[in-house]
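Asks: In the working numbering, the protein residues as written are 330 to 818.
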Amino acid sequence: MGSAVTLDFTKYPIPTQAFIGGKYVDCKNTEKHKLQSSVNDEVLTSDLQWAGAEDVDIAVAAAERGLAAWAKVSNTQKRDIMVKFASLIRENAPQLTWLEAVLVGKDPRIGNFGINEVAELFIYYGNIIHQFHGQVQTPHDDGSLEYVIRQPFGVVAGITPFNEPLLTFAMKVAPAIAAGNAIVLKASEQNPLSTLFLASLTKEAGFPDGVINIFTGGAEAGSALASHMKIRMISFTGSIQVGKLVQQAAARSNLKKVTLELGGKSPVIVFEDADLEKASKMAAAFLALNGQGCLLGTRLYVHEDVAQEMTARMKGIAEYMGSSLGANPLESSTVTSPLYNHRQKEVVMKFIEEGKNEATLLTGGSSVGEKGCYVQPTIFINPSKSAKVLNEEVFGPVLTIVTFKDEQEALDMANDTEYGLAAYVHTKDLGRALRFTKDLQAGMVSVNSAMAYDRTRPFGGWKQSGQGYENGVAGLEDWSQTKSVLLSL
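#1: By how many angstroms is the C-alpha of L816 removed from the C-alpha of Q464?
#2: Can you check whether the CB of R419 is closer than 8 Å to the CB of V664?
#3: Would you call the stretch 381-390 and the stretch 541-560 touching, i.e. three or more CB-CB distances under 8 Å?
#4: Looking only at its chain, what residues have a beta carbon closer than 8 Å to the beta carbon of T335, apart from the 5 residues adjacent to it on each side?
#5: Report the rounded CA-to-CA distance for Y454 versus E606, giving the unit in angstroms.
#6: Determine the direct distance from the alpha carbon of V575 to that of A422, and round the result to whole angstroms.
#7: Within 10 angstroms of the Cβ of T339, are there 16 or more other Cβ atoms? Answer buried if so, exposed if not.
#8: Please report how far the alpha carbon of Q705 lies from the alpha carbon of S653, in whole angstroms.
#9: Please list, in chain order, all residues of the same chain as T489 whose beta carbon is under 8 Å from its beta carbon, the five residues on each side excluded.
#10: Alpha carbon to alpha carbon, what distance is there between G350 and T689?
#11: In whole angstroms, what separates the C-alpha of A503 from that of G395?
#12: DSSP on N670, reduced to helix/strand/coil?
#13: Any contact between the stretch 549-558 and the stretch 530-538? By contact I mean 3 or more CB pairs, one from each, below 8 Å.
#14: Do three or more CB pairs link the stretch 701-720 to the stretch 734-741 at distances below 8 Å?
#15: Relative to the C-alpha of N456, which residue among D758, I506 and P521 is closest?
#16: Using 8 Å as the threshold, is the stretch 626-635 in touch with the stretch 657-672, meaning 3 or more CB pairs across them?
#17: I444 and L495 - do their beta-carbons sit closer together than 8 Å?
#18: Pull up the CB-CB distance for E648 and T692, whole angstroms please, since I reckon it's below 8 Å.
#19: My output table needs one value for G797: the three-state DSSP class, helix, strand or coil.
#20: Tell me which residue opens and which closes the beta strand (DSSP E) that D376 is part of.
#21: Would you check if the distance between the CB atom of L740 and the CB atom of S666 is smaller than 8 Å?
#22: Mapping DSSP to helix, strand and coil, what is E360?
#23: According to the Cβ coordinates, are F461 and R479 closer than 8 Å?
#24: Check each candidate in S552, G789 and P596 and name the one with the smallest Cα separation from R581.
#25: How many Å lie between A333 and N404 at the Cα?
#26: Taking a contact to mean a Cβ-Cβ separation below 8 Å, would you say A534 touches F442 in this structure?
In structure tokens form, the structure reads like this:
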């Protein structure tokens with residue numbers, strides 16, 4: 330890595346205000362925060378407005394008005410507004426990707442995928458609004474009729490993480506409003522700019538004022554959302570520790586419904602019959618977002634017969650990717666990124682330093698450059714059973730490789746975790762694939778692939794990886810409540 334990249338922060342305006350009731354407004358809380366680029370440590374703004382509890386109350390009041398207006402919009406009109414919003418997202422893709430590139434260094438490949446998926450989620454949910462229905466039971470002998478309908482909660486809330494703020498925005502907001510709710514969303518305080526700008530497009534798309542409200546802030550704002558008596562559901566994506574606090578606050582207040590996506594420590598299992606060239610490329614997905622992804626496979630279990638070759642392949646890929654660290658995130662050829670903030674860099678480096686005492690360092694293990702948040706792709710082998718790099722979510726470019734002798738041993742190790750978000754299996758044996766995926770304790774499993782995500786499939790974890798679902802019809806249903814009706818004339 331050479332000298333730090335120079336970035337022009339003046340190409341587009343830097344949004345710093347909250348978006349409430351259909352317009353940008355100043356927060357009542359006068360606290361301001363600084364945002365520093367993860368690429369070169371330069372300051373983008375020192376004026377980011379920090380919402381507090383009073384701002385949450387104002388946003389909820391706006392959402393109540395928006396809810397009433399949204400209820401008067403027909404399903405066809407709702408669809409058209411959501412599809413128009415998707416079109417505006419695509420039209421403004423350069424500005425959206427730029428805001429994340431200059432702040433967190435997100436590479437264009439990941440950035441462009443995310444923008445497209447955000448648009449597709451609004452199109453998808455806009456087009457299945459008409460399929461959102463209940464069911465009618467067979468008439469009873471006395472002539473009465475029983476039917477079941479699904480209805481919105483009303484005012485709901487969302488809290489998004491720093492790694493994929495736009496995608497998680499869409500995974501929450503699109504189904505929430507398709508189900509008929511109005512939403513108040515706290516964007517990640519570490520990566521809020523793209524979401525704050527996206528808010529302005531809701532007005533042009535035709536959403537009634539107050540249907541979508543967005544601000545950023547810290548623990549005070551998050552706690553106010555989770556404990557607010559007029560919010561009936563909240564969806565949080567982030568750490569287990571904070572997720573538990575959200576659920577506790579929800580329980581202490583009005584027992585609002587809580588959906589949680591709390592990360593993972595996903596296993597990748599490579600059997601002796603696997604296509605190792607393909608498996609190694611798929612396993613290299615642990616480097617996507619520089620390791621800052623909840624779905625990424627960071628525990629690699631390899632059959633002992635192919636462990637040497639697979640390990641060598643992974644080492645080669647990691648070192649190749651590491652050689653391009655520090656490239657300009659605005660250039661289309663860039664395929665790597667830094668960690669997205671200095672706090673995360675400190676967390677990752679602490680894991681790596683402890684890992685050197687708990688396992689054998691195969692490659693990487695150091696930070697890169699004097700400026701920015703770059704860390705080498707790092708691989709450990711032969712970890713102790715209690716090694717933190719094996720058992721805890723690092724959220725950085727760190728992979729741990731373990732060998733196994735047979736299917737049962739692989740299954741036992743893969744399931745020996747409190748996480749259960751995703752898992753990946755590589756084998757040519759169809760019977761084994763069907764048998765093994767059934768016994769894996771994870772909410773999403775992929776065979777001979779690195780992609781557990783799809784907008785049409787339920788997205789959710791087992792164990793402490795969360796509760797509830799996003800994406801697919803299940804995601805739409807998650808943002809609604811059931812009512813049964815008995816009609817007797």
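Glycine included, C-beta positions come from ideal geometry on N, C-alpha and C.
Note that the coordinates shown come from a computational prediction; the quantities given were computed from them, not determined experimentally.
Replies: Judging by the given coordinates:
#1: 14 Å
#2: no
#3: yes
#4: N369
#5: 37 Å
#6: 32 Å
#7: exposed
#8: 10 Å
#9: T497, F498, K501, L514, K515, A516, S517, T524 and T566
#10: 55 Å
#11: 15 Å
#12: coil
#13: no
#14: no
#15: I506
#16: no
#17: yes
#18: 6 Å
#19: coil
#20: V372 to Q378
#21: no
#22: coil
#23: yes
#24: S552
#25: 50 Å
#26: no
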